[in-house]
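To start, the structure itself, in structure tokens.
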Amino acid sequence: MGSGNSVNIKNLCKSYGYRKLFAGLNITVPDKSVLVVLGHNGAGKSTLLRIISGLVPATSGRVEVVLGGRVLSASERRMRMGLVSPDLELYAELTALENLEFFAGVRGIPFSREAAGELLESVGLKGRGRDYVGTYSSGMKQRLKFAYALLHDPYFLVLDEPTSNLDEQGIAMVDGVIRRQREKGIVILATNEPREVSYADQTVSLA
Amino acid sequence: MPTRLSAWLKAGIPVLQKDLRVEFRTRYAYSALVMFAVTTLVTVSFSIGGATLEVDIAASLLWIILFFSAMAGLSRSFVQEEEAGTVVALKLAADPEPVYFGKLFFNVVLLFSLAALVVPLFLVLLNLTVAMPLYFLLVVAMGCLGLAGVTTILAAIVSKAGAKGSLLTVLAFPVLLPLLIGAINATRSALAGVPAAYLRPDLNLLFFYNGIAVIASLLLFEYVWNE
Numbered sequence: 001m002g003s004g005n006s007v008n009i010k011n012l013c014k015s016y017g018y019r020k021l022f023a024g025l026n027i028t029v030p031d032k033s034v035l036v037v038l039g040h041n042g043a044g045k046s047t048l049l050r051i052i053s054g055l056v057p058a059t060s061g062r063v064e065v066v067l068g069g070r071v072l073s074a075s076e077r078r079m080r081m082g083l084v085s086p087d088l089e090l091y092a093e094l095t096a097l098e099n100l101e102f103f104a105g106v107r108g109i110p111f112s113r114e115a116a117g118e119l120l121e122s123v124g125l126k127g128r129g130r131d132y133v134g135t136y137s138s139g140m141k142q143r144l145k146f147a148y149a150l151l152h153d154p155y156f157l158v159l160d161e162p163t164s165n166l167d168e169q170g171i172a173m174v175d176g177v178i179r180r181q182r183e184k185g186i187v188i189l190a191t192n193e194p195r196e197v198s199y200a201d202q203t204v205s206l207a
Numbered sequence: 001m002p003t004r005l006s007a008w009l010k011a012g013i014p015v016l017q018k019d020l021r022v023e024f025r026t027r028y029a030y031s032a033l034v035m036f037a038v039t040t041l042v043t044v045s046f047s048i049g050g051a052t053l054e055v056d057i058a059a060s061l062l063w064i065i066l067f068f069s070a071m072a073g074l075s076r077s078f079v080q081e082e083e084a085g086t087v088v089a090l091k092l093a094a095d096p097e098p099v100y101f102g103k104l105f106f107n108v109v110l111l112f113s114l115a116a117l118v119v120p121l122f123l124v125l126l127n128l129t130v131a132m133p134l135y136f137l138l139v140v141a142m143g144c145l146g147l148a149g150v151t152t153i154l155a156a157i158v159s160k161a162g163a164k165g166s167l168l169t170v171l172a173f174p175v176l177l178p179l180l181i182g183a184i185n186a187t188r189s190a191l192a193g194v195p196a197a198y199l200r201p202d203l204n205l206l207f208f209y210n211g212i213a214v215i216a217s218l219l220l221f222e223y224v225w226n227e
């Protein structure tokens with residue numbers, strides 16, 4: 001699955017009423033690379049990532065997510081894409097393991113407590129799987145969002161301010177996730193952190 | 001299409017299980033449903049003393065209670081997803097149709113469990129006897145299905161709006177009016193006891209209303225969910 005995989009942003013425009021966030025955006029993110037989206041607060045970084053994830057429709061233009069030379073449908077895109085975002089929340093009334101079990105269930109992928117435990121361990125939540133998410137700190141919730149995003153082994157990983165609320169160990173965990181994902185797929189990352197910008201194979205700056 | 005439908009129904013089960021688990025731990029929706037229903041029933045029971053209501057009034061009262069209870073609690077599952085921000089994670093993980101079925105099943109379970117509590121209380125507190133018990137149960141079940149079916153899609157719409165509190169009732173009332181009229185007529189007939197042939201038009205109305213409500217909701221849900 002090495003070639004024929006990309007994210008193609010074609011003449012993308014997004015407006016809210018009269019306010020134009022961006023227009024005529026053309027970017028191709030090739031396989032095994034990292035795109036970093038830059039821009040000041042309110043420039044539209046998160047909106048661009050939400051459009052790429054299929055959460056928000058574009059005003060005009062389109063985003064093609066290509067895997068194996070074929071443009072994925074919305075449903076296929078959901079199965080192959082992982083998102084970490086400040087907007088995304090997991091169920092506070094469920095434990096971390098119950099959250100992962102639920103999302104595995106709705107994605108239709110097999111779930112095992114052992115594999116989920118290992119995934120939680122890999123994001124630094126070893127031994128906290130049976131705790132309610134409502135009792136987690138903001139940093140732990142951010143780590144759990146990575147477990148959610150990686151649960152289905154996505155080919156495309158979309159990260160919006162991935163190191164927010166994380167300590168040094170957490171930032172190192174994100175380093176590892178991005179490095180491994182770049183070797184096997186595509187990463188799209190929105191940030192203004194100089195450390196995170198250094199991951200970039202290409203950057204796009206939204207004015 | 002049958003294969004896709006069964007896949008959607010199967011994928012809706014985790015959504016139902018999750019909502020039941022969250023509801024069991026928080027009782028957001030069920031508390032609202034039960035409090036409204038029991039308060040209304042007890043108030044009416046005290047106000048009429050030992051008298052027995054006429055079946056016309058009793059049938060209307062039952063569906064008024066079930067309607068407003070549904071309005072009080074059945075929007076919670078969607079509103080809570082929006083307010084807690086979990087809707088983003090759910091949208092990314094699930095196709096719209098399984099979410100619709102999961103939420104519909106949850107609302108059906110919630111309304112049936114409310115009816116299981118309220119209907120016996122209704123009969124006891126208002127000194128009512130049911131002339132046609134099986135028809136009565138069938139009417140209650142079909143009415144609850146219709147209430148849940150319509151409320152599910154409207155709750156999805158309302159959850160995106162600012163004024164969530166009163167909007168569901170305002171939107172639901174005209175849409176549910178045919179169902180309520182049919183359910184009240186059929187309940188009155190079942191309480192009073194009429195030849196079965198007289199019940200058939202109202203039962204047909206409930207049956208076709210429920211079918212149309214679920215099919216139309218399923219067709220519309222993707223647009224509402226992705227808005």
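Taken in sequence, the protein lines are chains E and B. Numbered according to my numbering, the first sequence spans residues 1 to 207. Numbered according to my numbering, the second sequence spans residues 1 to 227. Even for Gly, the Cβ is constructed at its ideal location relative to N, Cα and C.
Closer than 6 Å: residue i CB and nearest the ligand NAP heavy atom
| i | result |
| --- | --- |
| Ala141(B) | No copy of the ligand NAP appears in this structure; indeed no ligand is present at all. |
7 Å Cβ cutoff met for residue i and residue j
| i | j | result |
| --- | --- | --- |
| Phe254(B) | Trp225(B) | With chain B represented from 1 up to 227, any question about residue 254(B) goes unanswered, as that position is not in the structure. |
| Lys14(E) | Thr47(E) | yes |
| Asn107(B) | Leu74(B) | yes |
| Gly139(E) | Gly170(E) | yes |
| Ile72(B) | Phe36(B) | Checking the sequence shown, residue 72(B) turns out to be Ala, not Ile. In this structure, Phe36(B) lies closer than 7 Å to Ala72(B) by Cβ. |
| Ala190(E) | Val34(E) | no |
| Leu111(B) | Ala58(B) | no |
| Leu220(E) | Val56(E) | The structure shown does not extend to residue 220(E), since chain E is modelled only from 1 to 207, so the question has no answer here. |
| Leu41(B) | Leu123(B) | no |
| Arg77(E) | Gly42(E) | no |
Cβ neighbour criterion (16 or more within 10 Å) applied to residue i
| i | result |
| --- | --- |
| Pro194(E) | exposed |
| Thr129(B) | exposed |
| Phe67(B) | buried |
| Gly12(B) | buried |
| Tyr209(B) | buried |
| Asp167(E) | exposed |
| Asp19(B) | buried |
| Met1(E) | Note that Met1(E) scores a pLDDT of 46, beneath 50, so its modelled location is shaky and nothing firm can be said. |
| Pro162(E) | buried |
| Tyr18(E) | exposed |
| Val175(B) | exposed |
| Gly127(E) | exposed |
| Val204(E) | buried |
Straight-line Cα distance separating residue j from residue i
| i | j | result |
| --- | --- | --- |
| Lys15(B) | Thr151(B) | The sequence given here places Val at residue 15(B); Lys does not occur at that position. Straight-line Cα distance between these residues: approximately 17 Å. |
| Tyr136(E) | Gly129(E) | 11 Å |
| Ser60(B) | Ile184(B) | 6 Å |
| Ile215(B) | Gly44(E) | 38 Å |
| Ser31(B) | Ile64(B) | 18 Å |
| Glu54(B) | Val170(B) | 29 Å |
| Pro86(E) | Arg182(E) | 22 Å |
| Pro195(B) | Met132(B) | 10 Å |
| Tyr16(E) | Lys10(B) | 38 Å |
| Ser166(B) | Ala89(B) | 27 Å |
Touch check for the segment 56-68 of chain E and the segment 97-113 of chain E: three-plus C-beta pairs under 8 Å? Segments in contact, no.
Run through the segment 49-122 of chain E for me and flag every whole beta strand (DSSP E) of 3 or more residues, listed as ranges in chain order. As far as the segment 49-122 of chain E is concerned, its whole beta strand (DSSP E) runs of at least 3 residues are 60-67 and 81-84.
Contact between the segment 186-197 of chain B and the segment 138-151 of chain B (3+ Cβ pairs under 8 Å): Short answer: they touch.
Is the segment 74-83 of chain B close to the segment 204-219 of chain B, with three or more CB pairs under 8 Å? Verdict: no, contact absent.
Please determine if the segment 151-162 of chain B and the segment 44-51 of chain B are in contact, where contact requires at least 3 C-beta pairs separated by less than 8 Å. With a cut-off of 8 Å, the segment 44-51 of chain B and the segment 151-162 of chain B do not count as touching, because too few Cβ pairs lie within range.
Determine, using beta-carbon pairs with one atom in the segment 151-159 of chain E and one in the segment 72-86 of chain E, whether at least three such pairs fall under 8 Å. The segment 151-159 of chain E vs the segment 72-86 of chain E: in contact.
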